[in-house]
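Peer 1: Just dropping this structure here.
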Amino acid sequence: MKVGVLGGGQLARMLAIAGKPLGIQLICYESIENPCANSVANIIKGDFNDENALATFAETVDCITLETENIPLTCAEFVAKQRALLPNEFTLKITQDRLYEKECLQSLQIPTAKFHAINTWDDLETALNTFNYPAILKTRKSGYDGKGQAVIHDKQGAVNAWEQLKSHELILESFVNFASEVSLICVRAKNGEVKFYPLVENEHREGILRLSKAPFIHPILQKKAENYANTLVTHFNYIGVMAIEFFVMGNELIANEIAPRVHNSGHFTIEGARTSQFENHLRAICGLPLGSTETIGFSAMYNLIGEEPVREKILSIPNTYYHSYGKAARPGRKLGHITINALSEDALNDSVANYLKIIK
């Protein structure tokens, strides 16, 4: 079977690797030269607005999926007329716009931060009068890894944020004083079966995910997250892997973002679960039975940002796995990740502490 992917980055790369044992070949459509999936998948280079090139791409595959939500909606709508697009274009329309996403969550009675659409300076002033500082002004589209947003602490901060972002459609969100950040990875098959991985606890720095640990054991929050996720995938008639990011406040979850694709916080599943998120995504969109989402002991995933450490030092830590994406180094860029496995949470924390000492 041949699966088309819109995008050719590291997520497409890991999907391609997961597909090989299943006999699934990935063909990626990408606008840039030499994307990092190039070494493991076939690449068709073309503009995401070129319908002729997209039609040729669609003819070569059996179904199409996404590795990023930051593609033109018109592209997704066009290819969906040629081949099955999984997940569907309706999901993309909602999840690539922060306002639509928040409105969708609200309509499904899934808790979110307070929010307000911002089109003018007057909108921003009015909204800030109903929020307590700090608040966060964000672009509605194309923001990721902390890009396209500004934290507002006072009136002057509001002026600065407006000047920085006013050329975009915007949304203002109230600040959530959370205890921790978690995410849930789930997968829905064509027959409607849904499986859930355990919650993952995430640590961000400068808006970029740095460290994930799994499982985050909290039965009450796990059940709530699963209920919210099930509501979402049913609403979207979703096929494939979806990730939902939450803020934790006591025994409550506040939904932050939906990712209609495999997710950075799920990378630990390659070595830390019976079936990785990448394999389960391919199983789902290809109509195959879903694999087990049971975790194997405890796992941590650490992103390699900006530069890669000396591999020999990292691999000297027991039960450590090194994933390089083959990308050129530059500040703020995800170049790879490390996964560490352990039999207990204490042993995992010791290994993570050892790793952090080595990379300093």
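All residue numbers in the sequence shown are consecutive under my numbering, ending with 370. C-beta atoms are modelled at their ideal positions from N, C-alpha and C, and glycine is treated no differently. Please read all numbers here as calculations on a predicted model, not as lab measurements.
Since E216 is in the alpha helix (DSSP H), which residue starts that stretch and which ends it?
Peer 2: Taken as a continuous stretch (DSSP letters only), E216 belongs to no alpha helix (DSSP H), as it is neither H nor E.
Peer 1: Between which two residues does the alpha helix (DSSP H) harbouring V89 extend?
Peer 2: That run of the alpha helix (DSSP H) goes 83–90.
Peer 1: When burial is assigned at 16 or more other CB atoms within 10 Å of the CB, is D356 buried or exposed?
Peer 2: exposed
Peer 1: Under DSSP, the alpha helix (DSSP H) around F246 begins and ends at which residues?
Peer 2: 229–246
Peer 1: Assess contact between the stretch 143–154 and the stretch 206–215, defined as three or more Cβ pairs (one per stretch) separated by less than 8 angstroms. Is contact present?
Peer 2: no
Peer 1: K176 by DSSP, collapsed to three states: which one?
Peer 2: Judged by DSSP in its simplified three-state form, K176 adopts coil rather than helix or strand.
Peer 1: Please return the same chain residues whose Cβ sits closer than 6 angstroms to the Cβ of K223, not counting the five positions on each side in sequence.
Peer 2: E211, A310
Peer 1: What ranges does the alpha helix (DSSP H) occupy inside the stretch 253–285, keeping only unbroken runs of at least 4 residues that lie completely in it?
Peer 2: 279–282
Peer 1: For G282 and L182, what's the separation of their Cα atoms in angstroms?
Peer 2: 37 angstroms
Peer 1: Can you list, in chain order, the residues of its chain with a C-beta nearer than 7 angstroms to that of E203? Leave out the 5 residues immediately preceding and following it.
Peer 2: L300
Peer 1: So what's K359 in DSSP terms, helix, strand or just coil?
Peer 2: Correcting the residue type first, residue 359 is Asn in the shown sequence and not Lys. In the structure shown, N359 sits in a helix (DSSP, three-state: H, G or I).
Peer 1: If you reduce the DSSP assignment to three classes, tell me which class E111 lands in.
Peer 2: helix
Peer 1: Pairing CB atoms from the stretch 320–338 with CB atoms from the stretch 227–243, are three or more of them under 8 angstroms?
Peer 2: no
Peer 1: Is N351 buried or exposed, if buried means 16 or more other CB atoms sit within 10 Å of its CB?
Peer 2: Around the C-beta of N351, 16 or more other C-beta atoms lie within 10 Å, and the residue is accordingly described as buried.
Peer 1: For K205, is the classification buried or exposed, using 16 other Cβ atoms within 10 angstroms of its Cβ as the cut-off for buried?
Peer 2: buried
Peer 1: Report the rounded CA-to-CA distance for I42 versus Y312, giving the unit in angstroms.
Peer 2: 27 angstroms
Peer 1: Following the continuous alpha helix (DSSP H) through R23, name the residue where it begins and the one where it ends.
Peer 2: 20–29
Peer 1: Taking DSSP as the reference, what is the three-state secondary structure of C46?
Peer 2: helix
Peer 1: Output needed for K148: all residues of its chain with C-beta closer than 7 angstroms, excluding positions within five of it in sequence on either side, in chain order.
Peer 2: The beta carbon of K148 is closer than 7 angstroms to those of R108, G158, Q159, L180, I181, E183 in its chain, skipping five residues each way along the sequence.
Peer 1: Where DSSP assigns a beta bridge to F206, which residues make up the other side?
Peer 2: Per DSSP, C196.
Peer 1: Hey, is the stretch 61–80 in contact with the stretch 266–278, meaning 3+ C-beta pairs nearer than 8 angstroms?
Peer 2: yes
Peer 1: Tell me whether the stretch 321–329 and the stretch 238–253 touch, counting them as touching only if at least three CB pairs, one residue from each stretch, are closer than 8 angstroms.
Peer 2: Flag = no, the stretch 321–329 and the stretch 238–253 do not touch.
Peer 1: Which residues in the same chain have their Cβ closer than 7 angstroms to the Cβ of F100, if we skip the five residues on either side of it in sequence?
Peer 2: F246
Peer 1: From D132 to N139, what does the alpha carbon distance come to, in whole angstroms?
Peer 2: 11 angstroms
Peer 1: Helix, strand or coil for E384 per DSSP?
Peer 2: Not covered by the structure: residue 384. The range shown for the chain is 11 to 370.
Peer 1: Check each candidate in I264, Q92, D57 and name the one with the smallest Cα separation from I74.
Peer 2: Scanning I264, Q92, D57 for the CA closest to the CA of I74 turns up Q92.
Peer 1: Look up V251 in the DSSP assignment and give the residues it is bridged to.
Peer 2: V251 is bridged by DSSP to V197.
Peer 1: Quick one: Cα of I104 to Cα of L83, how far?
Peer 2: 10 angstroms
Peer 1: Can you list, in chain order, the residues of its chain whose CB lies under 7 angstroms from that of S286, leaving out five sequence neighbours each side?
Peer 2: A28, T279, I280
Peer 1: Quick one, are the C-beta atoms of Y39 and L21 less than 8 angstroms apart?
Peer 2: Cβ atoms of Y39 and L21: not closer than 8 angstroms.
Peer 1: Use the C-beta contact count for V15: other C-beta atoms within 10 angstroms, 16 or more gives buried, fewer gives exposed.
Peer 2: Label assigned to V15: buried.
Peer 1: Please classify I181: does DSSP put it in a helix, a strand, or coil?
Peer 2: strand
Peer 1: Evaluate V258 with the Cβ neighbour count: other Cβ atoms within 10 Å of its Cβ, from every protein chain shown; 16 or more gives buried, anything less gives exposed.
Peer 2: Looking at its Cβ environment, which holds 16 or more other Cβ atoms inside 10 Å, V258 is buried.
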